[in-house]
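J.:
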Amino acid sequence: MPYKILEKKEVAPSVHRVVIDAPDVAKAAKAGQFIILRIDEKGERIPLTIADFEKEIGTVTVIFQEMGKTTKQLAKLSAGESLEDFVGPLGTPADIKKFGTVILVGGGVGVAPIYPQAKAYTKAGNRVISIIGARNKDLLILEDEMRNASSELYIATDDGSKGHHGFVTDVMKKILDSDEKVERVVIIGPPIMMKVAAGVAFPYDVEILVSLNSIMVDGTGMCGGCRVTVDGKTRFTCVDGPEFDARKVDFVELMNRLAMYRGEEIKAVEKYEEECRCGLH
Amino acid sequence: MQEPHEGKTGKVKKERTPMPEQPADERRKNFNEVTLGYTKEDALAEASRCLACKDPKCVEGCPVNVDIPVFIKLICEEDFEGAIERIKGTNALPAICGRVCPQETQCEALCVLGKKGQPVAIGRLERFCADYERQKGVKVPEIPKSTGKKVVVVGSGPAGLTAAADLAKLGHKVTIFESLHKAGGVLSYGIPEFRLPKEIVRQEVEYIKNLGVEFRPNYIIGRIKTLDELCDEFDAVFLGTGAGLPNFMGIPGENFSGVYSANEFLTRVNLMKAYDPAYDTRIRRGKHVVVVGGGNVAMDSARSALRLGADEVSIVYRRGEDEMPARKEEIEHAKEEGIIFRFLTNPVRILGDEKFNVTAVECIKMELGEPDKSGRRSPVPVEGSEFATPADVVVIAIGTSPNPIIFKGSEGLEQNKKGTVVADEETGATSKCGVFAGGDVVTGAATVISAMGAGKKAAKAIDEYLKEK
Numbered sequence: 000m001p002y003k004i005l006e007k008k009e010v011a012p013s014v015h016r017v018v019i020d021a022p023d024v025a026k027a028a029k030a031g032q033f034i035i036l037r038i039d040e041k042g043e044r045i046p047l048t049i050a051d052f053e054k055e056i057g058t059v060t061v062i063f064q065e066m067g068k069t070t071k072q073l074a075k076l077s078a079g080e081s082l083e084d085f086v087g088p089l090g091t092p093a094d095i096k097k098f099g100t101v102i103l104v105g106g107g108v109g110v111a112p113i114y115p116q117a118k119a120y121t122k123a124g125n126r127v128i129s130i131i132g133a134r135n136k137d138l139l140i141l142e143d144e145m146r147n148a149s150s151e152l153y154i155a156t157d158d159g160s161k162g163h164h165g166f167v168t169d170v171m172k173k174i175l176d177s178d179e180k181v182e183r184v185v186i187i188g189p190p191i192m193m194k195v196a197a198g199v200a201f202p203y204d205v206e207i208l209v210s211l212n213s214i215m216v217d218g219t220g221m222c223g224g225c226r227v228t229v230d231g232k233t234r235f236t237c238v239d240g241p242e243f244d245a246r247k248v249d250f251v252e253l254m255n256r257l258a259m260y261r262g263e264e265i266k267a268v269e270k271y272e273e274e275c276r277c278g279l280h
Numbered sequence: 000m001q002e003p004h005e006g007k008t009g010k011v012k013k014e015r016t017p018m019p020e021q022p023a024d025e026r027r028k029n030f031n032e033v034t035l036g037y038t039k040e041d042a043l044a045e046a047s048r049c050l051a052c053k054d055p056k057c058v059e060g061c062p063v064n065v066d067i068p069v070f071i072k073l074i075c076e077e078d079f080e081g082a083i084e085r086i087k088g089t090n091a092l093p094a095i096c097g098r099v100c101p102q103e104t105q106c107e108a109l110c111v112l113g114k115k116g117q118p119v120a121i122g123r124l125e126r127f128c129a130d131y132e133r134q135k136g137v138k139v140p141e142i143p144k145s146t147g148k149k150v151v152v153v154g155s156g157p158a159g160l161t162a163a164a165d166l167a168k169l170g171h172k173v174t175i176f177e178s179l180h181k182a183g184g185v186l187s188y189g190i191p192e193f194r195l196p197k198e199i200v201r202q203e204v205e206y207i208k209n210l211g212v213e214f215r216p217n218y219i220i221g222r223i224k225t226l227d228e229l230c231d232e233f234d235a236v237f238l239g240t241g242a243g244l245p246n247f248m249g250i251p252g253e254n255f256s257g258v259y260s261a262n263e264f265l266t267r268v269n270l271m272k273a274y275d276p277a278y279d280t281r282i283r284r285g286k287h288v289v290v291v292g293g294g295n296v297a298m299d300s301a302r303s304a305l306r307l308g309a310d311e312v313s314i315v316y317r318r319g320e321d322e323m324p325a326r327k328e329e330i331e332h333a334k335e336e337g338i339i340f341r342f343l344t345n346p347v348r349i350l351g352d353e354k355f356n357v358t359a360v361e362c363i364k365m366e367l368g369e370p371d372k373s374g375r376r377s378p379v380p381v382e383g384s385e386f387a388t389p390a391d392v393v394v395i396a397i398g399t400s401p402n403p404i405i406f407k408g409s410e411g412l413e414q415n416k417k418g419t420v421v422a423d424e425e426t427g428a429t430s431k432c433g434v435f436a437g438g439d440v441v442t443g444a445a446t447v448i449s450a451m452g453a454g455k456k457a458a459k460a461i462d463e464y465l466k467e468k
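Which chain is which? The protein sequence lines are A and B, in order.
So that you can map any letter, position 104 of the first sequence is 103 in numbering that gives the first Met the number 0, and since no number is skipped, the others follow by simple counting.
So that you can map any letter, position 310 of the second sequence is 309 in numbering that gives the first Met the number 0, and since no number is skipped, the others follow by simple counting.
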């Protein structure tokens with residue numbers, strides 16, 4: 000049962016937004032959940048966080064950055080083409096209700112999974128302060144969408160080409176230091192960014208959540224490849240997460256586990272790019 | 000035609016006809032099927048050993064009660080089509096059962112010939128018939144008149160496929176929901192190609208689709224829909240979701256990279272074909288592989304690791320060889336291929352390097368103490384006997400539990416402490432009206448055929464339930 004690509008757009012260099020026709024997934028999807036897709040019979044199954052969904056028209060949006068072989072291959076597909084498999088929604092939905100003021104921090108492509116959360120927190124009646132960042136202004140995604148979904152939006156770029164010149168953590172710290180009473184901080188981005196940003200928030204009396212992106216196969220608790228140590232206990236990112244209390248996550252283990260197939264991945268990308276040059280793809 | 004050919008004259012050979020197989024030093028390098036199957040001559044020779052007992056014990060030993068003496072008689076008459084038809088009357092998946100059933104503890108264990116020599120090789124004969132039919136082209140079965148009733152089957156493993164086939168044959172409209180992208184459950188993700196070629200699973204699934212069963216992959220109950228919603232939309236529900244959650248040991252170092260659950264390792268190899276370079280599936284190909292456990296899944300993991308190119312594969316098991324739950328045939332095959340067995344040995348810690356890659360397994364020697372609840376003597380650690388064995392891949396194959404995801408968002412389904420569903424042994428009926436269950440989700444990890452037996456019983460009970468409804 001193929002899943003048709005309805006729209007595809009490069010929203011930043013090497014960052015793509017893809018809208019998929021997947022009515023069953025769209026109908027059940029909630030903020031904080033993810034999907035697993037497989038391009039074709041010989042492809043691997045990769046998890047991607049849901050960036051948006053439309054229940055009525057039955058579409059699910061994902062945003063991804065070209066990293067490994069599969070995302071590079073995915074980037075080459077166009078609207079009208081199909082994916083072999085698209086399964087979800089997976090993971091425990093984010094626990095969203097009215098808390099008061101919530102800070103949402105998104106780094107790089109991590110802004111994509113933050114977006115449905117911003118909408119959901121706002122809808123639940125929270126004051127949502129969003130901070131989105133990227134290396135430079137060209138790599139910044141979903142700025143308008145995030146502005147619409149948030150009470151306040153701050154931007155940070157490493158090179159200062161837009162917004163605050165520096166890191167998202169600088170802005171977050173400033174807010175946490177202010178009189179604003181913040182109940183919860185949600186941080187999503189590359190693991191190292193989540194580790195560092197969470198570390199900045201640790202001293203404050205605030206709940207800190209991160210959304211993890213472990214390696215997995217099935218996404219239903221069957222393989223256990225997404226094991227992560229939280230509060231000294233082994234948990235499965237796919238069913239117990241992907242959101243966890245940042246203070247309790249063993250980030251070092253997480254990052255090492257994510258590097259498990261790096262050697263193979265580099266070889267696969269080299270081979271794929273060579274094949275592309277030869278006109279095989 | 001059912002008259003047993005009594006008064007057999009002459010001596011029956013004590014030994015069964017040997018199964019042709021790939022030589023061990025060849026097959027350890029490939030994923031092709033180990034056993035090659037009987038030729039027509041082999042099958043005729045073996046079938047002629049059957050005494051056609053008037054009161055056949057073998058049939059009682061079969062969880063789905065295949066008409067064993069009758070199909071064997073048809074083989075003797077060279078009516079192979081008749082034989083497979085007879086088998087399929089009660090068993091929807093004969094090519095699979097002929098390969099992976101533990102016949103030695105079921106039908107064959109009760110064969111009269113087994114008292115003085117070797118029992119009739121019933122499994123091999125069943126496989127011969129099924130393979131014969133596949134080569135000829137499987138007949139498309141007649142689809143009966145619709146009853147207008149809709150039944151949903153959750154999970155497309157042996158229990159689900161069997162229940163679906165039987166329900167479809169009774170005229171009910173059956174839909175199967177499967178969470179993975181391919182049908183077959185453990186037959187697809189768990190049992191390796193060299194024991195059960197996936198083409199055979201595909202064809203058996205095709206047969207069930209031809210019965211009019213609708214198959215929906217990538218559909219997770221508990222996420223897309225709840226069990227309660229299924230109860231509203233369908234006239235009855237069968238849960239055959241298996242025992243898909245891997246158990247870990249809870250020892251230090253278990254999360255180092257290179258430590259896999261058997262579920263993950265086998266899924267990457269079987270479902271995702273990591274052994275085939277044309278596939279993008281990643282897997283760590285270890286040089287020194289340690290597999291923990293003593294069941295068929297441990298054997299499958301060890302033999303897969305060997306075929307992926309390991310220099311040395313050892314199985315670490317905390318009890319002795321006699322206590323191993325794996326099939327004798329699988330243990331023999333593993334030994335022939337050069338798998339090292341370390342009995343009465345238990346891992347206590349997994350060691351890794353600064354990048355969190357596994358480097359060794361620290362084990363402790365065990366000795367057998369008093370018998371436990373299962374009647375097996377329970378292993379006790381020998382103090383001070385710890386030793387480390389190098390490993391760059393470790394596979395944990397110590398069992399699985401039912402996956403709780405299916406129960407998310409629904410109520411009223413009674414489960415016991417281990418997470419299995421409480422269901423009537425004869426009917427599969429659960430505490431929830433209209434919901435039936437069978438296979439590993441009820442019993443905990445068991446065999447393909449016992450799951451099929453449960454699927455069969457439940458299908459019958461569901462049919463009766465629908466008639467009364």
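The beta-carbon is built from N, C-alpha and C at its ideal position, and this holds for glycine as well.
Just so you know, these numbers come straight off a predicted model, no measurement behind them.
#1: Which ranges would you report for the alpha helix (DSSP H) in the region 243 to 304 of chain B if only whole runs of at least 4 residues count?
#2: Please classify residue 20(A) as buried or exposed, where buried requires at least 16 other C-beta atoms within 10 Å of its C-beta.
#3: Between which two residues does the beta strand (DSSP E) carrying residue 175(B) extend?
#4: My guess is that residue 365(B) and residue 350(B) are in contact by the Cβ rule of under 8 angstroms, so how many angstroms apart are they, rounded?
#5: Please list the segments of the beta strand (DSSP E) lying wholly inside the region 31 to 108 of chain A, counting only runs of 3 or more residues, in order along the chain.
#6: Exposed or buried, residue 204(A), counting other C-beta atoms within 10 Å across all chains shown (16 or more means buried)?
#7: In the DSSP assignment, find the unbroken beta strand (DSSP E) run with residue 476(B) in it and report its ends.
#8: Can you list the residues of chain A that residue 279(B) reaches, using a CB-CB cut of under 7 angstroms?
#9: Residue 282(B) and residue 301(B) - do their beta-carbons sit closer together than 8 angstroms?
#10: With 8 angstroms set as the bound, which would you pick, yes or no: does the beta-carbon of residue 180(B) sit closer than that to a beta-carbon of chain A?
#11: Rounded to the nearest angstrom, what separates residue 196(B) and residue 32(B) at their Cα positions?
#12: Which first and last residues belong to the beta strand (DSSP E) in which residue 243(A) is found?
#13: Any residues in the region 208 to 232 of chain A with a beta carbon nearer than 7 angstroms to a beta carbon of chain B? Which ones, in chain order?
#14: Output the residue ranges of the beta strand (DSSP E) runs that lie fully inside the region 87 to 139 of chain B and measure 3 residues or longer, sorted by chain position.
#15: Which one of 44(A), 59(A) and 259(A) has the shortest CA to CA distance from residue 3(A)?
#16: State yes or no: is the beta carbon of residue 456(B) nearer than 8 angstroms to at least one beta carbon in chain A?
#17: Going by beta carbon distance, what residues of the same chain come within less than 6 angstroms of residue 432(B), once the five residues before and after it are set aside?
#18: In angstroms, rounded to a whole number, what distance separates the CA positions of residue 43(A) and residue 70(A)?
#19: How about residue 441(B) and residue 428(B): do their beta carbons lie closer than 8 angstroms?
#20: Per DSSP, residue 2(A) is paired with what?
#21: Quick one: list the residues of chain B neighbouring residue 259(A), beta-carbon separation under 9 angstroms, in chain order.
#22: For residue 384(B) and chain A, any beta-carbon pair shorter than 8 angstroms?
#23: Which residues share a DSSP beta bridge with residue 20(B)?
#24: Using a C-beta cutoff of 8 angstroms, does residue 266(B) count as contacting chain A?
#25: What beta strand (DSSP E) runs, 3 residues minimum, are completely inside the region 308 to 355 of chain B?
#26: Could you check which residue in 369(B), 82(B) and 272(B) has the C-alpha nearest to that of residue 42(B)?
#27: Compute the minimum distance between the beta carbon of residue 244(B) and the heavy atoms of the ligand GTP, and state whether it is under 7 angstroms.
#28: How close, in whole Å, do the beta carbons of residue 157(A) and residue 135(A) come, if the pair is a contact with beta carbons under 8 angstroms?
#29: On the CB-based measure, 16 or more other CB atoms within 10 Å of its CB, does residue 470(B) come out buried or exposed?
#30: Relative to the alpha-carbon of residue 235(A), which residue among 56(A), 50(A) and 220(A) has its alpha-carbon at the smallest distance?
#31: Tell me which same chain residues have a C-beta within less than 6 angstroms of the C-beta of residue 129(A), skipping the five on either side of it?
#32: Residue 6(B) to residue 119(B), Cα distance in whole Å?
#33: Within the continuous beta strand (DSSP E) that includes residue 435(B), where are the two ends?
#34: Listing by chain order, which chain A residues have their CB less than 7 angstroms from the CB of residue 263(B)?
#35: Closer than 8 angstroms by beta-carbon distance: list the chain B residues that pair up with residue 84(A), in chain order.
#36: Can you pull the chain B neighbours of residue 263(A), defined as C-beta to C-beta under 8 angstroms?
T.: Walking through what the data contain:
#1: 261 to 265
#2: Within the first sequence, residue 20(A) is the residue found at index 21, counting from 1. So residue 20(A) counts as buried.
#3: Numbered from 1 along the second sequence, position 176 holds the residue referred to as residue 175(B). Counting along the chain, the beta strand (DSSP E) containing residue 175(B) begins and ends at 172 to 176.
#4: In the second sequence, residue 365(B) corresponds to position 366, counting from 1. In the second sequence, residue 350(B) corresponds to position 351, counting from 1. Actually they are not in contact, since the Cβ atoms of residue 365(B) and residue 350(B) sit about 20 angstroms apart, beyond 8 angstroms.
#5: With a minimum length of 3 residues, the unbroken runs of beta strand (DSSP E) contained wholly in the region 31 to 108 of chain A fall at 33 to 37, 45 to 53, 58 to 64, 84 to 89 and 100 to 106.
#6: Here the question's residue 204(A) lines up with position 205 in the first sequence. By the neighbour-count rule (16 or more Cβ atoms within 10 Å), residue 204(A) is not buried but exposed.
#7: No statement about residue 476(B) is possible, as the shown extent of chain B runs from 0 to 468 and does not include it.
#8: The residue you call residue 279(B) lines up with position 280 of the second sequence. Per Cβ cutoff of 7 angstroms: 41, 42, 43, 68, 69 and 267.
#9: For this step, residue 301(B) is matched to residue 302 along the second sequence. For this step, residue 282(B) is matched to residue 283 along the second sequence. It is not a contact, given that the beta carbons lie outside the stated cut-off.
#10: Along the second sequence, read from residue 1 onward, the residue named residue 180(B) stands at position 181. Closer than 8 angstroms: yes.
#11: Mapped onto the second sequence, residue 196(B) falls at position 197. Mapped onto the second sequence, residue 32(B) falls at position 33. Roughly 7 angstroms separates the two Cα atoms.
#12: On the first sequence, residue 243(A) is found 244 positions in, with the first residue counted as 1. Looking at the DSSP string, the run of the beta strand (DSSP E) that includes residue 243(A) is 242 to 244.
#13: Of all residues in the region 208 to 232 of chain A, 216, 217, 219, 220, 221, 222, 223, 224, 226 and 228 have a Cβ within less than 7 angstroms of some Cβ in chain B.
#14: none
#15: Counted from its first residue, the first sequence places residue 3(A) at position 4. Relative to residue 3(A), the option among 44(A), 59(A) and 259(A) whose CA is nearest is 59(A).
#16: Taking the first residue of the second sequence as position 1, residue 456(B) is located at position 457. It does not: the Cβ of residue 456(B) has no partner Cβ on chain A nearer than 8 angstroms.
#17: As a first step, residue 432(B) is located in the second sequence; it is residue number 433 there, counting from the start. Excluding residues within five positions, none has a Cβ falling inside 6 angstroms.
#18: For the purposes of this step, residue 43(A) is identified with residue 44 of the first sequence, where counting begins at 1. For the purposes of this step, residue 70(A) is identified with residue 71 of the first sequence, where counting begins at 1. Computed Cα separation, rounded: 10 angstroms.
#19: Stepping through the second sequence from its first residue, residue 441(B) is reached at position 442. Stepping through the second sequence from its first residue, residue 428(B) is reached at position 429. With respect to the 8 angstroms criterion, residue 441(B) and residue 428(B) are not classified as neighbours on the basis of their beta carbons.
#20: Here residue 2(A) refers to the residue found at position 3 of the first sequence. Answer is 82(A).
#21: Translated into positions along the first sequence, residue 259(A) becomes position 260. Under the 9 angstroms cutoff, chain B gives 256, 257, 281, 283, 355 and 356.
#22: Locating residue 384(B) in the second sequence gives position 385, counting from the first residue. Output row for residue 384(B): interface = no.
#23: Looking up residue 20(B) in the second sequence gives position 21. DSSP lists 34(B) as partners of residue 20(B).
#24: For the purposes of this step, residue 266(B) is taken as residue 267 along the second sequence, with counting starting at 1. Closer than 8 angstroms to some Cβ of chain A, the Cβ of residue 266(B) qualifies, so yes.
#25: 311 to 315, 339 to 341 and 344 to 351
#26: The residue you call residue 42(B) lines up with position 43 of the second sequence. Checking every option, the nearest Cα to that of residue 42(B) belongs to 82(B).
#27: For the ligand GTP, the structure offers nothing, since it holds no ligand at all.
#28: As a first step, residue 157(A) must be located in the first sequence, where it is residue number 158. As a first step, residue 135(A) must be located in the first sequence, where it is residue number 136. Confirmed, about 7 angstroms.
#29: Lying before the first or after the last residue shown, residue 470(B) is absent from chain B, which here runs from 0 to 468.
#30: The residue labelled residue 235(A) in the question sits at position 236 within the first sequence. When only C-alpha atoms are compared, the closest one is 220(A).
#31: Numbered from 1 along the first sequence, position 130 holds the residue referred to as residue 129(A). Closer than 6 angstroms at Cβ, skipping near neighbours: 103, 117, 145, 149 and 152.
#32: The count along the second sequence starts at 1 and reaches residue 6(B) at position 7. The count along the second sequence starts at 1 and reaches residue 119(B) at position 120. Only weak support exists for where residue 6(B) lies, its pLDDT of 43 falling under 50; the coordinates are left without a value.
#33: Residue mapping note: residue 435(B) aligns to position 436 of the second sequence, counting from 1. Unbroken beta strand (DSSP E) run through residue 435(B): 434 to 436.
#34: Stepping through the second sequence from its first residue, residue 263(B) is reached at position 264. The contacting residues are 216, 222, 223 and 224.
#35: Taking the first sequence and counting its residues from 1, one reaches residue 84(A) at position 85. Simply 180, 216 and 217.
#36: As a position in the first sequence, residue 263(A) is number 264, starting the count at 1. Within chain B, the residues near residue 263(A) are 281.
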